[in-house]
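To keep things clear, I will list the structure first and then write my remarks on it.
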Amino acid sequence: MSTLQLFLALMNFKVKLLAPIALILGGIGFGSLAIANLTNRGSNSTLAQSGGMNHGGMNHGGMNHNMDIGPADANYDLRFIDSMIPHHQGALVMAQEVLQKSKRPELIKLANSIITEQKKEIAQMQQWRKQWYPKASATPMMWHSAMNHEMAMTAEHKQSMMMSMSLGKADAGFDRRFLDAMIPHHQGAVTMGQDLLKKSKRPEMKKLARNIITSQQAEIAQMTQWQKEWSASR
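FYI, the numbering for the sequence shown is 1 to 234, going by my numbering.
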């Protein structure tokens with residue numbers, strides 16, 4: 001056998017020897033890829049199923065909502081205004097949905113009252129912001145509890161402050177879903193109002209705090225009563 005023939009024979013032997021190993025390794029690779037693909041599909045499916053439950057980062061049940069406005073410093077009222085305005089805006093979103101979808105006159109009346117009162121308070125707070133903090137950035141401010149300092153409000157925090165959510169279609173459960181969402185929303189406003197009453201030195205802000213606490217506690221009581229009545233009539 002010539003040297004060339006010997007070389008070719010050895011190469012052929014190596015190919016035959018390595019082919020099964022390559023196949024096994026390839027199978028492992030494809031198997032891993034398939035497992036990874038299935039895992040990703042499972043994760044994506046879970047996210048898709050839970051996606052409808054994530055209402056803008058807001059968790060009504062757990063009150064995933066940072067109420068801390070910070071210390072009673074020179075910018076406290078600014079931070080309160082910058083927090084309460086989006087909070088009120090969230091209430092407006094849900095109240096306007098009631099006007100479109102509810103058939104109960106009493107709930108429509110409540111929604112109209114919320115819209116009228118909170119639009120008025122938003123306009124008043126915007127005016128105070130311009131008057132009291134003329135040099136403040138147009139970007140809303142917030143208190144970062146963990147870092148213990150003031151900072152520009154993030155989009156996530158603004159969404160959290162709004163606490164608004166889609167209430168779904170105009171079906172038999174719509175009104176109850178509105179109550180389930182608006183009661184904790186009002187409770188959040190009451191908590192903020194109580195904090196304002198303790199920390200603000202401005203008479204105008206203290207008056208606003210009392211109005212928020214009084215009106216929204218009364219509305220909470222009314223909505224809680226409706227919850228009981230409408231649940232009993234199901």
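Glycine residues also receive a C-beta, built at the ideal position from the N, C-alpha and C atoms.
What are the boundary residues of the beta strand (DSSP E) that MET151 is part of?
149-152
Which same chain residues end up closer than 6 Å to LYS101 when comparing Cβ atoms and leaving out the 5 residues on each side of it in sequence?
ALA170 and PHE174
Where MET223 sits in the DSSP three-state scheme
helix
Simplified DSSP assignment, three categories, for MET163:
coil
Beta-carbon proximity of PRO264 to MET161, cut-off 7 Å:
The structure shown has nothing for residue 264, since the chain only spans 1 to 234.
Nearest-angstrom Cα distance between PHE80 and THR139?
14 Å
Expected contact under 8 Å - CB spacing of VAL179 and TRP226 to nearest Å
This sequence places Leu at residue 179; Val is not what is there. With a Cβ gap of about 6 Å, LEU179 and TRP226 count as contacting.
Same chain only: Cβ atoms within 8 Å of ARG176, ignoring 5 sequence neighbours per side
GLN227, TRP230 and SER231
Indicate the three-state DSSP secondary structure (helix, strand or coil) for MET67 in the structure shown.
coil
Apply the 10 Å Cβ neighbour rule to GLN127 and answer buried if 16 or more other Cβ atoms are within range, or exposed otherwise.
It is exposed - the Cβ of GLN127 has fewer than 16 other Cβ atoms within 10 Å.
Give me whichever residues DSSP pairs with MET142 in a beta bridge.
MET151
On the CB-based measure, 16 or more other CB atoms within 10 Å of its CB, does ALA95 come out buried or exposed?
buried
What three-state label does DSSP hand ASN211 in the structure shown?
ASN211 falls in the helix class under three-state DSSP.
Just mark HIS186 as buried or exposed, buried being the case when its beta carbon has 16 or more other beta carbons within 10 Å.
buried
Where does GLN124 land, buried or exposed, given buried means 16+ other C-beta within 10 angstroms?
exposed
Taking the CB atoms as reference points, tell me whether ILE122 and ALA91 lie closer together than 7 Å.
no
Pop quiz: ILE212 and GLY193 are said to be a contact at Cβ under 8 Å. What is the actual Cβ separation, rounded to whole angstroms?
4 Å
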